[in-house]
Amino acid sequence: MSAEQDILQELAGRDYEFGFETQIEMEIAPPGLNEEIIRFISAKKQEPEWLLEWRLKGFQLFQKLKMPEWQNFKLPEVDFQSVSYYAAPKNKVKYNSLDEVDPELLRTFEKLGIPLEEQKMLSGVAVDAVFDSISVATTFKAQLHELGIIFCSFGEAVQEHPELVKKYLGTVVPQSDNIYAALNSAVFSDGSFVYIPKGVRCPMELSTYFRINARNTGQFERTLIIADEGSYVSYLEGCTAPMRDENQLHAAVVELIALDNAEIKYSTVQNWYPGDKDGKGGIYNFVTKRGICKGKNSKISWTQVETGSAITWKYPGVILQGDNSIGEFYSVAVTANKQVADTGTKMVHIGKNTKSRIISKGISAGHGHNTYRGLVKVGPNAANARNFTQCDSLLIGDRCGAHTFPYIESKNNSAMVEHEATTSKIGEDQVFYLNQRGIDNEQAVNMIVNGYAKEVLNQLPMEFAVEAQKLLSITLEGSVG
Amino acid sequence: MTTIVNNISFLEQIDQAQLPGERRIALERFHQLGGFPTVKTEDWKYTNVIPFLRNGISIDLPAAPAVTAAQLEATGLLLPDTYRLVLLNGVFQPQLSELPPASQVTVRKMSEATEEAAFKQYFNKSKRLDEYHFALLNTALFNDGIFIETKAKAQVEHPIHIIHLYHNTHNLLVQPRHLWVVQENASLHIIESAAGLNLGDTVFVNSVVEAVTAQRAQLSHYQVQTGGSQTRNINQTLVQQHGKSLYNNYTFTLSEADLVRNNLNVSLDDERTETHLYGFYIASGTQLIDNHTSIDHRMPNCESNELYRGVLMDKATGVFNGKIYVHEDAQKTNAFQQNNNLVISPEANIYTKPQLEIFADDVKCSHGTTIGQVSEDALFYLKARGIGDAQARSMLVKAFAFDITAQVKIPAVRKQVEQIATRYLAATVNN
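For the protein sequence lines, the chains are D and C, in the order given.
Just so we're aligned, residue 19 is where the first sequence starts under our numbering, counting upward by one.
Just so we're aligned, residue 3 is where the second sequence starts under our numbering, counting upward by one.
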């Protein structure tokens, strides 16, 4: 028992390895949310008139919409007026090569282990680095350009490919979807934009690294990925933030659009600062992510490993509109200390022969609370829809919680929907078995947790799988069941 | 609340200030919750009761007709080897009843039981009672019901069969209220069934059962929900289990009622209790059958087990919501839950939401839910053996359904339930 206590304490006391702050000259807008600031952001980014109007419409909706009350945690009061909605590294000009980027910034990304530098080209990942919601550098642009792939910051896309942005922006996550989506559409500062042309298989993983650096800022980025007919893309997202006492808001919107026969794979390793062991500080991660399988035979797959944030609140979903389309959701969410995760997915079956698969693994330790909330909806025309859902929870410590709220709605009699969920702690017999073979408690738990999460981790691209596994180990170092 | 709740006429006529103590508090609380639940209320998301209450419904009971033994016989509900309690619109009818021996069981009208010690101890004390809109309304306005208390150590030989009869001359809201207490080491079976007598208009039944199992007591509770299309049922069953007690609930919804909503809440208040909940529902026509169960594991070492199955036909809607709460100190809890739905017609809807909320770590909890059809493979297997399509289907549906009835320990009840179920299934599956 005492060993368990020690380990739990150790786990509680673990440091947040990415908690440094970069001293860099920043241009920060005064805190406050009003029409003026929206016009300011829009002007800063030299946006066309239609986008400004779109933002202002989002702001109007934001004022009308109410805070939700259905979530399974106490929603902290967020003072939207005390947040600064624009922070950018100063003197931002268009960089043509990485040599021109502020060396301090580069060092930050180096610390984070992000392969921005050219010599790391061999690692084969194209990166768009977003620093306080401003895209600072995008690598591998030229190679991607040859294939006709557009991978750039959102701001650039607005300038260079306005027709694509205009056509798809807000079509999956409407501005009125929820209050944070409305806020994002009013004040989003930047983000990533991806367009994969017809029949192209993107030869490398595309990746964005998000970093909140400045104090008192919220990060509101917007990602839009369009996979045209017959194309394929795998996209990674990673995030970190410095340690701070106050909470910071991250309210992003991600929209994925897959046309006929296209496939999008979206992976997230989320490691925002989770707050200290008393739950002080940390990021509120309130994100709206949704994809639409617009065309037939299309596929969208979400994979997420959530280890950070004080509160994680998101439901990456897929609208299965095209016939024979497939939606997948793989998730590992870890909550330690006083972290809270209320996450899950929505699978909306509209087209015929649509399939969805949900695998959710929650791990709660300390005073952490982990909620799976999911919706599987089969519409009246979704003949032969098929869903399989598995959501398991693992509990470590007697003051944590695991909750499941799966909503299943079927309006079609040819639908097959299965849902299963289990909750348990790490079996003493399992630990004992490993002990017998000379593996100590810490490692045993590690192995069991990794084995438990394997089904999800296997979905991650190589580079991320390693990182995710490490993150899991750090988060749960040695918890004995 | 200033908004007069939901515009339901009979509610507006009630003078809240005139109600005595507990009834007034309950009505106040009902108004605090916003009156009748709407689809915006999470627990009533798929079940809209408001239209059922907007037909000039009244709570004034009509003059009770004399019910004859022949009328009772004609309901086809009578069971052999049981004690029988007949209630008309919630009021006990001693002339039609056959009481258990008074040495073992006390049976009273609720209105005459107020001086009983057990009544004082347990009436209106059920946990979560003040979360249920309809239970609060019942507390405020109930007319009568039946109080049953077993003596300690009483092993009651036969089951008590409660037959609820309803009669009306206008659209009526009946609110029976019952309290059953099984004292220490006693064991009791209670069977409930229902029928309408010459129903001219609709009858909306909002019933509340409070049941208590004392230390080491055992209660098996069978709800055979029958009745014609003019009935609407909101049933609330609130059970408090003390240490080492056992509670079994069997809910069979085999009625033609347009609306059936069952709220079953079992609170495990002490260690080493055991709870089994079995449910089976057939929904046809435009019926809406809604089962909400919740099990509160408050103490360590308890076990609960839940299995609900439903067959959905025509344009019917089925709703299932199973909550399992494991409170912070309820270590070593085992809780299992399963809900299977067989959807036969293309226009039937099913909404299911198994829900686990767990605050303790040394637990084993699982739930499972399926929605599906008759398996084509199984169908083919039977057809290959010369069994016609309709018969094969009917066999498979029955096999699905009778897994639940097989749990019934009283042969006569099982037989009756299977007969009624077969009749319903035959009417729809075969055409």
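We treat Cβ as the ideally placed atom computed from N, Cα and C, and that holds for glycine.
Between residue 355 of chain D and residue 445 of chain D, the C-beta gap is not smaller than 8 Å, which leaves the two residues out of contact. Neighbourhood of residue 434 of chain D in chain C, by CB distance below 9 Å: 372, 373, 374, 375, in chain order. Judged by DSSP secondary structure, residue 33 of chain C falls within the alpha helix (DSSP H) whose first and last residues are 23 to 34. If you draw a straight line from the Cα of residue 331 of chain D to the Cα of residue 47 of chain C, it comes to about 22 Å. Straight-line spacing of the CA atoms in residue 442 of chain D and residue 348 of chain D works out to 20 Å. Residue 373 of chain C places its beta carbon 8 Å or farther from that of residue 336 of chain C. At a cut-off of 8 Å between C-beta atoms, residue 439 of chain D counts as an interface residue with respect to chain C. In the same chain as residue 66 of chain C, and ignoring 5 residues on each side of it, the C-beta atoms closer than 8 Å to its own belong to 90, 91, 93, 169, in chain order.
For residue 183 of chain D, the enclosing alpha helix (DSSP H) has its first and last residue at 180 to 186. For residue 75 of chain C, no beta strand (DSSP E) segment is defined; the enclosing uninterrupted segment is the alpha helix (DSSP H) at 71 to 76.
In this model, residue 14 of chain C and residue 59 of chain C are separated by some 12 Å (Cα to Cα).
By the C-beta criterion, the region 365 to 374 of chain D is judged to be in contact with the region 329 to 346 of chain D, since at least 3 inter-stretch pairs fall below 8 Å. DSSP, reduced to helix, strand and coil, places residue 406 of chain C within a helical segment of the structure shown.
Secondary structure at residue 451 of chain D: helix, using DSSP grouped into helix, strand and coil. Pairing residue 136 of chain C with residue 33 of chain C, the inter-Cα distance amounts to about 11 Å. Within 7 Å of the CB of residue 179 of chain D, no CB atom of chain C is found; the nearest one sits about 42 Å away.
Within its own chain, the residues whose Cβ lies closer than 8 Å to the Cβ of residue 417 of chain D, once the five positions on either side in sequence are excluded, are 384, 385, listed in chain order.
About 18 Å separates the beta carbons of residue 45 of chain C and residue 53 of chain C, which is beyond the 8 Å limit, so they are not a contact pair.
Rounded to the nearest whole angstrom, the CA to CA distance from residue 123 of chain C to residue 116 of chain C is 10 Å.
Chain C has a Cβ within less than 8 Å of the Cβ of residue 416 of chain D.
Using beta-carbon distances, residue 191 of chain C does not count as an interface residue toward chain D, since no partner is under 8 Å.
Between residue 272 of chain C and residue 361 of chain C, the alpha-carbon positions lie close to 17 Å from each other.
Contact holds between the region 221 to 232 of chain C and the region 254 to 273 of chain C, because three or more Cβ pairs, one in each stretch, are under 8 Å apart. Secondary structure of residue 137 of chain C (DSSP, three-state): helix. In this structure, the CA atom of residue 327 of chain D is about 6 Å from the CA atom of residue 302 of chain D. Short of 6 Å from the beta carbon of residue 402 of chain C, and not among the five residues preceding or following it, lie these beta carbons of its own chain, in chain order: 344. Residue 423 of chain D belongs to the set of residues whose beta carbon lies under 8 Å from a beta carbon in chain C. Under DSSP, residue 328 of chain C forms a beta bridge with C:299, C:360. When C-alpha distances from residue 368 of chain D are compared across D:194, D:404, D:298, the shortest belongs to D:404. Taking each of D:181, D:218, D:429, D:89 in turn and checking the Cα distance to residue 166 of chain D, the smallest one comes out for D:218.
Residue state for residue 381 of chain C is assigned as helix, using DSSP reduced to three classes.
At least one CB of chain C lies nearer than 8 Å to the CB of residue 427 of chain D. With 16 or more other Cβ atoms inside 10 Å of its own Cβ, residue 146 of chain C counts as buried. The three-state reading of DSSP puts residue 173 of chain D in helix, counting H, G and I together. Looking only at D:172, D:176, D:216, D:221, the smallest Cα-Cα distance to residue 160 of chain D is reached by D:221. The beta carbon of residue 367 of chain C falls within 8 Å of a beta carbon belonging to chain D, placing the residue at that interface.
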